[in-house]
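Undergrad: One structure, as C-alpha cells, below. Some questions next.
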Amino acid sequence: MSQQNFPVLKNDRFLKAAKGEEVDKIPIWIMRQAGRYLPEFREFRTKHDFFTICQTPEYACEVTLQPLRRFDLDASIIFSDILVIPQAMGLVVEMKSGVGPVLPEPLKTPEDMSRLKMPNVEKELGYVGEAITLTRHKLEGKVPLIGFTGAPWTLMGYMIQGGGSSTMVQSRSWLYKYPEDSCKLLQKITDVIVEYLVMQVKSGAQALQIFESHGNWLNDELFDKYSFPYIKQINERVNSTLEELNIQKVPMIVFPKGATMNSLEKIAKNCGYEVIGIDWTVDPVEARKRFGPNITIQGNMDPCALYATADEVEQRALSICNKFSKTRYIANLGHGINPDTPITSVEAFIKGVHTL
Ligand code: 1CP
C-alpha cells in the first residue's frame with residue numbers, strides 16, 4: 016500500500032496541542048486504548064496470539080481502530096508492544112496469559128550481550144511499518160496516528176530481568192556492577208530505536224511516544240547517566256536523520272514514568288521533545304511551573320480514578336483540565352488503562368475533557 020497520498024487529516028487538535036498551537040477543545044487519547052478493557056479486543060484475542068496480532072498488519076490495524084469506533088478520541092496509537100525490539104535483537108519473548116511478557120533466556124552477564132544482534136530494522140520490524148501505513152489509510156484522516164517505542168533503560172530492564180519485576184534487582188545491579196557494559200547495552204538499544212522510529216515516520220506515523228516506563232527505579236544520579244543521555248540522543252538523531260532524508264519531522268513525546276521531579280524538569284527543558292507525559296503522582300501546577308512554557312504536558316488522571324462513578328470521573332476530568340489549562344495540554348491517563356475499567360468511565364473521561 017502507498018506510503019504517500021494519505022487521506023487528509025480532519026482532526027488536528029492533538030498535533031496542534033503538541034506543537035503549542037491554540038485548540039478548540041483539549042485533545043485526549045488513552046494509553047493502552049486498544050486492549051483488554053474492550054470486549055471486542057478480548058474476543059479478537061481468543062482467536063489470535065498476541066505477537067501474531069502485532070506481526071499481521073491487517074490484525075494490528077483492526078485492533079488499533081477498535082477504540083476509535085466507540086469513543087470520541089483525538090489520536091490513535093498503533094497496536095504493537097515495546098518488546099518487539101528485544102525480539103528483533105534476537106531474544107525470545109513470549110506473552111503468557113495472566114503473567115505478561117516473559118523472556119526465557121535473559122541477559123545474565125555482559126558476556127550474554129554477544130547473543131544480541133543489530134537487526135535489519137526495515138526487514139525484521141517492517142511489519143510495524145506496514146501496519147502503520149495500512150492504518151493511516153484505514154483511519155481515513157479521522158485522527159492522527161502515533162508510533163512508539165520503549166526507551167533504552169526500560170527495554171534493558173526486560174532484557175535482564177526476563178519479564179516484569181517488582182524489584183528490578185538484577186537490572187539495577189548491572190548499573191553498579193557493570194557500568195561500562197550497561198552503557199554499551201543502552202547504546203546498542205538506542206541505535207536500534209533510532210532506526211525503528213525513523214522507519215515508523217517514513218511509514219506514516221504522525222507523532223512518536225517514547226515509553227520510559229521504568230523511570231521510577233532511577234534516582235537522579237542513575238537517571239542522569241542511564242536514561243537522560245539516551246532519551247536526548249534519540250530525539251536528536253531521529254530529527255537529524257529525518258532532516259537528511261527530507262522527511263517532515265513529527266512531534267515527539269517522552270513519558271518518563273515515575274521519574275523524580277528533578278529528572279522530569281531536566282528532560283522537559285533539555286531534550287528537545289515537544290511533549291512530556293507525567294504519571295498521576297505528579298502535581299499539575301508544580302509540573303507547569305517547573306517545566307516552563309515551551310513544552311506540552313500530557314497526562315495525568317490516575318487509571319484507578321476510572322473506578323469512581325461516571326459523574327465523578329467527568330468532574331475529575333474537568334478539574335484536571337482546569338489545572339493544566341487549555342494551552343499546551345493533552346489529556347490522558349497517568350499510565351495505561353486497566354483491563355477491568357468500565358467502558359462508561361472511559362466515555363465520562365472523554366466527555367469531561369471535551370466539555371472545557
Ligand atoms: O494478552 C494481551 O492482550 C496482553 C496485554 C498487552 C497489550 C494489549 C500487552 C502485554 N501489551 C499490549 C499492547 C501495548 N503495549 C500497546 C498497544 C497500543 C495501545 O496503547 O493501545 C502499547 C503502547 C504497549 C506498550 C508497552 N508494553 C509498555 C509501555 C507502556 C506501559 O504500560 O508502561 C510496556 C511496559 C509494555 C510491556 C508489556 N506488554 C504487555 C504487558 C502486560 C506489559 C507490562 C509487563 C510488566 O512490566 O509487568
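Take 16 as the starting number for the sequence shown in this note's numbering and just add one per residue.
We put the CB at the ideal spot given by N, CA and C, even for glycine.
1. Alpha carbon to alpha carbon, how far is K284 from G307? Give it in angstroms, no decimals.
2. Grab the span of the alpha helix (DSSP H) containing Q313 for me, first residue to last.
3. Under 8 Å from any heavy atom of the ligand 1CP, does the C-beta of D355 make it?
4. Leaving out five residues before and five after E327 in sequence, what residues of the same chain have Cβ atoms less than 7 Å from its Cβ?
5. Classify K111 as helix, strand or coil using the three-state DSSP reduction.
6. Should the segment 316–336 be regarded as contacting the segment 275–284, the criterion being three or more beta carbon pairs within less than 8 Å?
7. Going by the CB atoms, is the gap between Q248 and T205 shorter than 9 Å?
8. Could you work out which residue in Y241, M214, D235 and F163 is closest to L200 when comparing CA atoms only?
9. Rounded to whole angstroms, what is the Cα-Cα separation between M133 and E55?
10. For G156, which three-state DSSP category applies?
11. Buried or exposed, going by whether 16 or more other CB atoms sit within 10 Å of the CB of E289?
12. Given L131, which residues of its chain have a CB within under 7 Å of its CB, disregarding the five upstream and five downstream residues?
13. With three or more beta-carbon pairs closer than 8 Å as the criterion, would you say the segment 344–364 touches the segment 63–73?
14. Can you give me the C-alpha to C-alpha distance between G219 and E73, rounded to a whole angstrom?
15. Would you be able to state if there are at least three C-beta pairs under 8 Å between the segment 295–311 and the segment 247–262?
16. Buried or exposed, going by whether 16 or more other CB atoms sit within 10 Å of the CB of S129?
17. Roughly how many angstroms lie between the CA atoms of G230 and P271, to the nearest whole one?
18. Going along the chain, which residues of its own chain have a beta-carbon closer than 8 Å to the beta-carbon of E236, five neighbours each way excluded?
TA: Reading it off the structure:
1. 8 Å
2. Here Q313 belongs to no alpha helix (DSSP H); instead the beta strand (DSSP E) covers T311 to M316.
3. no
4. none
5. strand
6. no
7. yes
8. Y241
9. 36 Å
10. coil
11. buried
12. M104, G105 and K203
13. no
14. 16 Å
15. no
16. exposed
17. 5 Å
18. none
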